[in-house]
Amino acid sequence: HTRHKASFYVKQVSNAISPSNFILTNPELFRETVASNGENLVRGMKMLAEDIAAGKGDLKLRQADYSPFEIGKNLATTPGKVVGRSDVAEILQYDPATETVLKRPLLICPPWINKFYILDLNPQKSFIRWAVEQGHTVFVISWINPDERHGTKSWEAYIREGLQYGLDTIEKATGEKDVNAVGYCVGGTLLAAALALMAQEGDHRIKSATFFTTQVDFTYAGDLKVFVDEEQVAAVEKAMNEKGYLDGTKMATAFNMLRSGDLIWPYVVNNYMRGKDPLPFDLLYWNADSTRMGAANHSFYLRNCYLENRLSQGMMELAGRVVSLKDVTIPVYNLAAKEDHIAPALSVFLGSKYFGGEVDYVMAGSGHIAGVVNPPAAQKYHYWTGGKPGGDFDQWIAEATNHPGSWWPHWQRWVEAKDNTRVPARKPGKHMKTLGDAPGTYVKVRV
171 HTRHKASFYV
181 KQVSNAISPS
191 NFILTNPELF
201 RETVASNGEN
211 LVRGMKMLAE
221 DIAAGKGDLK
231 LRQADYSPFE
241 IGKNLATTPG
251 KVVGRSDVAE
261 ILQYDPATET
271 VLKRPLLICP
281 PWINKFYILD
291 LNPQKSFIRW
301 AVEQGHTVFV
311 ISWINPDERH
321 GTKSWEAYIR
331 EGLQYGLDTI
341 EKATGEKDVN
351 AVGYCVGGTL
361 LAAALALMAQ
371 EGDHRIKSAT
381 FFTTQVDFTY
391 AGDLKVFVDE
401 EQVAAVEKAM
411 NEKGYLDGTK
421 MATAFNMLRS
431 GDLIWPYVVN
441 NYMRGKDPLP
451 FDLLYWNADS
461 TRMGAANHSF
471 YLRNCYLENR
481 LSQGMMELAG
491 RVVSLKDVTI
501 PVYNLAAKED
511 HIAPALSVFL
521 GSKYFGGEVD
531 YVMAGSGHIA
541 GVVNPPAAQK
551 YHYWTGGKPG
561 GDFDQWIAEA
571 TNHPGSWWPH
581 WQRWVEAKDN
591 TRVPARKPGK
601 HMKTLGDAPG
611 TYVKVRV
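Laid out in structure tokens, this is it:
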């Protein structure tokens with residue numbers, strides 16, 4: 171851990187002292203400063219002051235011009251309804267786009283670190299819209315952006331009032347008990363833990379599980395591990411217990427540090443030295459739309475996953491039970507991304523062996539976001555399929571088949587191979603009162 175931490179911070183320092191970050195060693199910046207009599211620096215300092223004010227004393231780095239974007243207007247626009255609301259989640263059901271749909275509805279459990287609309291940025295990039303077009307009845311959990319009221323909402327509460335509440339809502343809305351589930355990043359880790367608990371409790375509603383860049387074993391958990399040791403976790407817990415949550419700006423800064431050469435320093439130079447407004451960019455709007463972390467939930471995650479690695483070891487305690495992934499015997503589609511720095515492809519691969527059933531491991535090209543959000547029409551990247559994810563990772567890669575383009579159609583074939591029964595399309599609100607239009611209210615709460 172100490173060596174990992176040291177090399178991470180050496181990388182931070184070398185990114186920081188790159189010649190392009192200083193006026194005297196960046197010729198273009200030097201010329202601009204001379205030509206404008208330093209006006210660029212005056213504008214830059216004004217922007218810096220605004221960004222520190224926006225971060226309430228911490229720097230909230232401006233990575234894009236956020237003004238053109240509005241959730242529900244030009245982000246998260248796939249039509250649907252809010253069909254359920256609990257203390258921790260809204261459940262969204264999307265309007266069908268086909269005459270018949272797969273009998274099994276699809277429940278998506280996204281991360282609560284940032285917001286679900288990474289899967290619905292715009293019509294061209296939207297996994298949600300694409301899944302609807304393939305004939306899925308799509309339900310999505312939209313998590314609360316927690317405040318002091320949610321400080322005691324635990325990991326178990328997120329399972330009961332988020333995931334299982336979503337399954338209850340699906341049954342009310344469609345009459346269906348059998349569901350295909352997708353979990354993304356920490357949403358996938360929650361889904362895996364929930365499946366282990368539900369197996370013990372005799373709740374078998376989820377018939378297949380798909381994990382997007384999800385870790386269940388944290389031995390090789392990537393660069394976020396540098397922020398997790400007993401000392402740092404205790405400090406985070408102390409800060410959280412005072413307010414009931416961890417401030418979203420702190421979480422955003424940690425994620426930006428993972429790729430500071432791309433996500434911090436170019437903006438420092440552009441905004442605060444050049445005094446230029448950044449350009450509008452939907453992905454960076456989403457990246458900056460950070461969420462707070464409820465104290466009990468986040469503490470459980472940091473300790474049980476990153477610090478003590480309890481889930482894969484069969485030592486995680488939930489609802490008075492010790493849960494084991496060996497009890498998860500449903501089919502699993504385990505998607506990793508080749509260049510992922512948050513859930514490394516090796517880490518996801520090694521996690522596959524802990525499930526008790528059949529696991530298909532697929533590796534997408536690119537990273538944690540672009541590897542997942544890769545619509546077929548873009549004709550970008552590759553994905554790899556291969557044998558059972560056991561043994562040596564490098565050997566699996568050497569023997570894997572490389573396919574051009576998006577993994578989405580491959581996943582669709584996998585889901586349909588499990589059950590392709592179709593029924594007439596279901597409109598939200600047919601069997602229950604709706605609570606408003608998608609994307610709902612929870613997603614609009616900003617830090």
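So the sequence shown is numbered by this note's numbering: it starts at 171 and just counts up by one.
By construction, the Cβ of each residue, glycine as well, lies at the ideal position given by its N, Cα and C atoms.
Nothing here was measured: the structure is a model prediction, and the numbers come from that model.
Inter-stretch contact (C-beta, 8 Å, three-pair minimum) for the stretch 472–488 and the stretch 333–346:
no
Sort Thr-307, Gly-332, Ala-547 and Val-529 by Cα distance to Thr-248 and report the nearest one.
Thr-307
Please confirm if the stretch 589–609 is in contact with the stretch 254–264, defined as three or more CB-CB distances below 8 Å between the two stretches.
yes
Are the stretch 359–376 and the stretch 307–319 in contact at 8 Å, needing three or more beta carbon pairs?
no
From Leu-199 to Met-217, what distance separates their C-alpha atoms?
17 Å
Spatial neighbours of Gly-535 in its chain, beta-carbon cut-off 7 Å, leaving aside the 5 residues before and after
Lys-508, Gly-541, Tyr-551, His-552 and Tyr-553
Taking the runs of the beta strand (DSSP E) that are 3 residues or longer, which of them lie wholly in the stretch 290–338?
308–313
Would you give the residue range spanned by the alpha helix (DSSP H) that Arg-201 belongs to?
197–205
Under DSSP, the alpha helix (DSSP H) around Lys-588 begins and ends at which residues?
578–588
Beta-carbon proximity of Pro-609 to Pro-450, cut-off 8 Å:
no
For Asp-530, which beta-bridge partners are listed by DSSP?
Tyr-503
Which residues in the same chain have their Cβ closer than 7 Å to the Cβ of Gly-418, if we skip the five residues on either side of it in sequence?
Ser-460, Thr-461, Arg-462 and Val-617
Nearest to Leu-495 by CA position, among Leu-516, Gln-402 and Gly-521, is which residue?
Gly-521
Beta-carbon separation of Gly-464 and Lys-323 under 8 Å?
yes
In whole angstroms, give me the CA-to-CA distance for Ile-278 and Thr-195.
48 Å
Should Met-533 be labelled buried (16 or more other beta-carbon atoms within 10 Å of its own) or exposed?
buried
Would you check if the distance between the CB atom of Leu-605 and the CB atom of Tyr-437 is smaller than 8 Å?
no
Should Asn-441 be labelled buried (16 or more other beta-carbon atoms within 10 Å of its own) or exposed?
buried
Distance, Cα to Cα, Gly-561 vs Val-212?
58 Å
Cβ-based burial, Asp-290 [other Cβ within 10 Å; buried from 16]:
buried
Considering only residues of the same chain and omitting the five flanking positions on each side of Glu-569, which have a CB-CB separation below 8 Å?
Gly-556 and Gly-557
Here's the rule: buried if 16 or more other CB atoms are within 10 angstroms of the residue's CB, otherwise exposed. What is Ala-587?
exposed
For the stretch 512–532 and the stretch 380–390, state whether three or more C-beta atom pairs, one from each stretch, are separated by less than 8 Å.
yes
Do the CB positions of Tyr-287 and Trp-456 come within less than 8 Å of each other?
yes
Can you give the Cα-Cα distance for Ser-378 and Gly-227, rounded to whole angstroms?
45 Å
Uninterrupted beta strand (DSSP E) stretches inside the stretch 327–401 (no shorter than 3 residues):
349–354 and 376–382
Do you know how far the Cα of Gln-565 is from the Cα of Ile-241?
44 Å
Pick helix, strand or coil for Val-403, following the three-state DSSP scheme.
helix
Alpha helix (DSSP H) segment containing His-511, residue limits
First-last for His-511: undefined, no H or E at that position.
Helix, strand or coil at Thr-117 according to DSSP, with G and I counted as helix
An answer regarding residue 117 cannot be provided, because it is not within the stretch 171 to 617 covered by the chain.
Give the straight-line distance between the Cα atoms of Ser-256 and Ile-311, rounded to the nearest whole angstrom.
10 Å
Gly-527 versus Ala-391 - alpha carbon distance
23 Å
Evaluate Arg-491 with the Cβ neighbour count: other Cβ atoms within 10 Å of its Cβ, from every protein chain shown; 16 or more gives buried, anything less gives exposed.
exposed
Same chain, Cβ closer than 7 Å to Asp-221, neighbours up to 5 away in sequence not counted:
Leu-229, Lys-230, Leu-231 and Arg-232
Over what stretch of residues does the beta strand (DSSP E) that includes Gln-565 continue unbroken?
Note, Gln-565: premise wrong, no beta strand (DSSP E); alpha helix (DSSP H) at 563–569.
Between the alpha carbons of Ile-376 and Val-493, how many angstroms are there, rounded?
17 Å
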